[in-house]
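Undergrad: Structure provided below as structure tokens; questions to follow.
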Amino acid sequence: MEIGKLPNEVLEKIVLSNIKNKRDEVLVRAAVGEDSAVIDFDNDLCVISTDPITGTTKDIGKLAVHISCNDVSTSGAEPIGVLITILAPPKTSEEDIENIMKEAGEVAKEINVEIMGGHTEITDAVNRIVISTTVIGKQSKEKLPNPRKIKIGDKVLITKYAGIEGTSIIAKELEKQLTDKIGKDKLNMAKSMDSMLSVVKEGTICGQIGVRYMHDITEGGVLGAVWEASKATGKGIKIIEELIPVKDVTKEIADILSIDLYRLISSGSMLIIAEDEKVSIINEELNKVGIKVTIIGEIIEKGIILEKNGANYDIEPPKSDELYKALLFTK
């Protein structure tokens, strides 16, 4: 099987199809395009998400907290606490574990979540450190995004830029290979994009405004997220490639590595679907906290379409993320 998330058709066939029992308290459950589960606890909703870090060896304490908190934020929820599981091979030092926890602690403080517990184990079942985090958040019932309200003409937006996480990871993992090709200044700029990895602010702000749907753009990049959003909402989506915001350094790195930047892991960017009349308030409120937001398309009757240079193309289901292809670069 290919490295990365299971293809969605395989996920549905061998994983989701085997989840048989369902409870009335679960309002949002396991499905393609859903980033978190939502449980009804009467007065408030409990939002839960879990994720591992597998695509990089750099800054994994930081990434581990950000990624699961981002997923919870797609429901407009406020992340409250995180549980961290660390599985480390025998060669791991105490310093390695301490560095991970220092990173995790700093990020948790930055986004105001508590590390509530977890598990730390040295094991020969892994050949490098693997971290998995589970985040719990809270949300009011009235503000929970409702994809069933999506209608034709609703706008599709993304925050920040495509390829944020992928650009930062590649710059750190392939520093030696890329320095001579793009220079230290651009490489440092690419590395520093990890400062944009959180979508907690846009998630909570858009949750308060009341949007139809949100999806954290992770593996599979922008095009993968759009495909998953269409499947999750049951609506067609058309986006325009030229409208997708991309940093120049991301374009340059993608060209060097011959990868599709629109299918590059993009944690730090949120896909948002909202009615047209709310776009201006979304733009105003996100700009207040320094977050760029861009309209890249709209909801259509059917199809998952990318318009590029005036021509329309079907967006295919996400496969192995371009990050894994990039990390094989050795020239």
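Numbering (full-length UniProt numbering) for the sequence shown: 1 to 331.
A virtual CB, placed ideally from N, CA and C, is assigned to each residue, including glycine.
#1: I need the boundaries of the beta strand (DSSP E) containing L286, first residue and last residue.
#2: Should L327 be listed as close to the ligand PLP, given that the test is whether its C-beta is under 6 Å from any heavy atom?
#3: What does the alpha-carbon distance come out to for the pair K325 and S93?
#4: Would you mind sorting H215 into buried or exposed? The rule is 16 or more other CB atoms within 10 Å of its CB.
#5: Over the uninterrupted beta strand (DSSP E) stretch that includes A311, give me the two end residues.
#6: Pull up the CB-CB distance for A190 and I253, whole angstroms please, since I reckon it's below 8 Å.
#7: If I'm right that K319 touches P7 with Cβ under 8 Å, what's the distance once you round it to whole angstroms?
#8: Return the chain-ordered list of same chain residues with a C-beta closer than 7 Å to the C-beta of A225, the five sequence neighbours on each side being excluded.
#9: Under three-state DSSP, which class holds V65?
#10: Under a Cβ-count criterion, where at least 16 other Cβ atoms within 10 Å of its own Cβ denotes burial, should E114 be classed as buried or exposed?
#11: Compute the Euclidean distance between the alpha carbons of K308 and A125, then round it to the nearest angstrom.
#12: Could you have a look at M189 and say whether DSSP puts it in helix, strand or coil?
#13: Between which two residues does the alpha helix (DSSP H) carrying D248 extend?
TA: Once the coordinates are examined:
#1: It is not in any beta strand (DSSP E) - L286 instead sits in the alpha helix (DSSP H) that spans 279-288.
#2: The model depicted lacks the ligand PLP and carries no ligand whatsoever.
#3: 30 Å
#4: buried
#5: 311-314
#6: 6 Å
#7: 6 Å
#8: H215, I217, L271
#9: helix
#10: exposed
#11: 46 Å
#12: helix
#13: 248-257
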